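Participant: Mind looking over this structure? Questions follow.
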Amino acid sequence: MRIHVSRRVASMGSYAFAEVEERVAALRRRGIRPIDFGVGDPKDPAPECVRAACRRGVEERAASGYPSYVGSPEFREACAAWMERRFGVSLDPRTQISSTAGSKEAVFHLHEGFVDPGDVVIGPNPGYPPYARGTRFAEGEHHYYPLEPENGFLPDLDAISDETAERARIFWLCHPNSPTGTVVPPEELRRIVRWCREREILLASDEAYSEIYFDGEPPHSALEYGCEGVLAIFSLSKRSAMTGYRIGWVAGDERAVETFRRVKTNLDSGTPTFIQDAAIAALADEEHVRAFRESYREKRDLLVSAFRDLGLPVRAPAGALYLWQRTPEGLSAVEFARRLLAPDLALVVTPGTWLSEETGGRNPGEGFVRLALVPTLEETREAAERLRNAL
């Protein structure tokens, strides 16, 4: 019999990071040990305080039943307390916070609550694929704003037409930015919040990388400029190396949080309570976050130095855990990624064109590759040496 595939799924290409994983597997089948900078999955273990809390939670909640869709009161209170300490933002954990299964679930499902067929969602290019794919599953239209080096990889609000803004329901901001590593300056962040509010567009601020920064003051949250019309998304995946735990939260305008909760209770389930216990422990400890941040800084500096030694232009990221590296003159993003996959290098990176879309006749990811700073420090040192010796 014929299996009918929906137009939504048929129109989708393969998920970019799944292609990266297949390339890694292909190298390993050839007996080559690659150093994988492709997918942003930290290799460091979650801290002991997290693992210990999770173990205790498994026993203490052995018969706890289904978890709350929106998070336990204790977890939401821990999130609110952390945001008060970190950003000076006061939130009601009962109405302004909801747990999520990491940030991807929140990003993808958010559109179902706010987007009708034909509505517009504005998002970065390059950007996290679920921004656009969630839009399309909600039958909306995705409008890309390019992140260009000439504009400091910041949104160019003046380039967004009044017609597009009039139809827009969500504006996606990723800050600190994946993949460019840009941290939005406070004055520009305030301007983006005001621009969205004046046009009655929900600002969805993806702040999953808020705790990974290297230069200057810690990144600000969009919520610092008021909760009205703002929904911020957080995750413990990168902050606390908890990618496998699948835990995060959304916070902000209580009307938007309530709408998100209505979507979540129909499409998803709650995060296990013992995982929430682990997350509470993670939010109470900043020492491991400082250690992770310093490790990422060391790895960033090793790679930046190696590429500079090769004579390539380098822009050291201010935040997030990626190096958005220009390719050598005359090599496309895919060609350079293939060169780095050669057996003498065996370095896995993501071509910038896999993370961006062609609009207006060009792809803003062309001429760049992304390196996720997730291999160990020792592996990163080896990668830097391979680069110097082979290119």
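Okay, so the sequence shown: first residue is 516 according to the numbering used here, each after it adds one.
Positions of the beta carbon are idealized from the N, C-alpha and C atoms, including for glycine.
All figures in this text were calculated on a predicted structure; none of them were measured in a lab.
Just to confirm, are R815 and L888 a CB contact at a threshold of 8 Å?
Facilitator: Yes, they are a contact pair.
Participant: What does a CB cutoff of less than 6 Å around A621 pick up in its chain, not counting 5 residues either side in sequence?
Facilitator: Correct list, in chain order: T615, I748 and V765.
Participant: Which residues bound the alpha helix (DSSP H) around V829?
Facilitator: Here V829 belongs to no alpha helix (DSSP H), and DSSP marks it neither H nor E.
Participant: Hey, how far is the Cα of P639 from the Cα of A723?
Facilitator: Using only the alpha carbons, I get a separation of about 15 Å.
Participant: Have a look at S676, L669 and L902 and flag the residue whose alpha-carbon is nearest the alpha-carbon of A852.
Facilitator: Minimum Cα distance to A852 is reached at L902.
Participant: Tell me which residue opens and which closes the alpha helix (DSSP H) that H624 is part of.
Facilitator: Per DSSP, H624 belongs to the alpha helix (DSSP H) from G617 to F629.
Participant: Tell me the start and end of each unbroken beta strand (DSSP E) in the stretch 709 to 775 that is at least 3 residues and wholly inside, in chain order.
Facilitator: For the stretch 709 to 775, whole beta strand (DSSP E) runs of length 3 or above, ordered along the chain, are 717 to 721, 745 to 750 and 763 to 767.
Participant: For T895, I'd like the list of residues in its chain whose CB is within less than 6 Å of its CB, leaving aside the five on either flank, ordered along the chain.
Facilitator: Result list for T895: K814 and L817, in chain order.
Participant: Looking at C-beta atoms only, is the number of pairs between the stretch 658 to 670 and the stretch 628 to 648 that lie closer than 8 Å three or more?
Facilitator: Yes: at least three Cβ pairs fall under 8 Å.
Participant: How many Å lie between L717 and D551 at the Cα?
Facilitator: Straight-line Cα distance between these residues: approximately 36 Å.
Participant: Give the DSSP-derived three-state secondary structure of Q611 in the structure shown.
Facilitator: Looking at Q611 - three-state DSSP - the assignment turns out to be coil, as it is neither helix nor strand.
Participant: By the 10 Å Cβ neighbour count, where 16 or more other Cβ atoms means buried, how is E627 classified, buried or exposed?
Facilitator: By the 10 Å Cβ count, E627 comes out buried.
Participant: Once DSSP output is grouped into helix, strand and coil, what is the label at G696?
Facilitator: Coil at G696, not helix or strand.
Participant: Which runs of the beta strand (DSSP E), 3 residues or longer, sit entirely within the stretch 626 to 675?
Facilitator: Listed in chain order, the complete beta strand (DSSP E) runs (minimum 3 residues) inside the stretch 626 to 675 are 635 to 640 and 656 to 661.
Participant: Tell me which same chain residues have a C-beta within less than 6 Å of the C-beta of R576, skipping the five on either side of it?
Facilitator: T788 and F789.
Participant: Can the beta-carbon of K558 be found less than 8 Å from the beta-carbon of T774?
Facilitator: No, they are not a contact pair.
Participant: Considering only the alpha carbon of each residue, which of L846, E900, Y646 and W839 lies closest to P664?
Facilitator: Nearest C-alpha to P664: W839.
Participant: Which residue or residues does DSSP assign as beta-bridge partners of R841?
Facilitator: Note: R841 sits in a beta bridge opposite F883.
Participant: I'd like the list of long-range same chain contacts for S605, defined as Cβ closer than 7 Å, with 5 residues on each side in sequence excluded.
Facilitator: E599.
Participant: Return the chain-ordered list of same chain residues with a C-beta closer than 8 Å to the C-beta of P645, the five sequence neighbours on each side being excluded.
Facilitator: For P645, where only same-chain residues beyond five positions count, the Cβ hits under 8 Å are K619, V622 and F623.
Participant: Looking only at its own chain, which residues have a Cβ that is under 8 Å from the Cβ of P608, when we skip the five neighbours before and after it?
Facilitator: Excluding positions up to five away in sequence, the list reads P588, R591, E592, C594 and A595.
Participant: Does D671 pass the burial test, meaning 16 or more other C-beta atoms within 10 Å, or should it be called exposed?
Facilitator: The residue in question, D671, is exposed, as its Cβ has fewer than 16 Cβ neighbours within 10 Å.
Participant: By the DSSP assignment, the alpha helix (DSSP H) with R571 in it spans what residues?
Facilitator: Per DSSP, R571 belongs to the alpha helix (DSSP H) from E563 to E575.
Participant: Leaving out five residues before and five after V778 in sequence, what residues of the same chain have Cβ atoms less than 7 Å from its Cβ?
Facilitator: Taken in chain order, the residues that qualify are H624, E627 and G628.
Participant: Tell me which residues share the same chain as S579 and place their Cβ nearer than 6 Å to its Cβ, disregarding the 5 neighbours each side in the sequence.
Facilitator: Taken in chain order, the residues that qualify are T788.
Participant: Please confirm whether V849 and V864 have their CB atoms less than 8 Å apart.
Facilitator: Cβ atoms of V849 and V864: not closer than 8 Å.
Participant: Using C-beta distances below 8 Å, list every residue in its chain close to P582, excluding the 5 sequence neighbours before and after it, in chain order.
Facilitator: Around P582: S784, G785, T786, P787, T788 and Q791.
Participant: The beta strand (DSSP E) spanning I685 covers which residue range?
Facilitator: Residues A683 to C689.
Participant: Decide yes or no for the touch test of the stretch 872 to 879 against the stretch 670 to 688: beta carbon pairs closer than 8 Å, at least 3 of them.
Facilitator: The answer is no - the stretch 670 to 688 does not touch the stretch 872 to 879, with fewer than three Cβ pairs under 8 Å.
Participant: Which term fits M757, buried or exposed, when burial requires 16 or more other beta carbons within 10 angstroms of its beta carbon?
Facilitator: Burial call: buried.
Participant: Taking Cβ positions, are Y760 and A793 nearer each other than 8 Å?
Facilitator: For Y760 and A793, yes; Cβs fall inside 8 Å.
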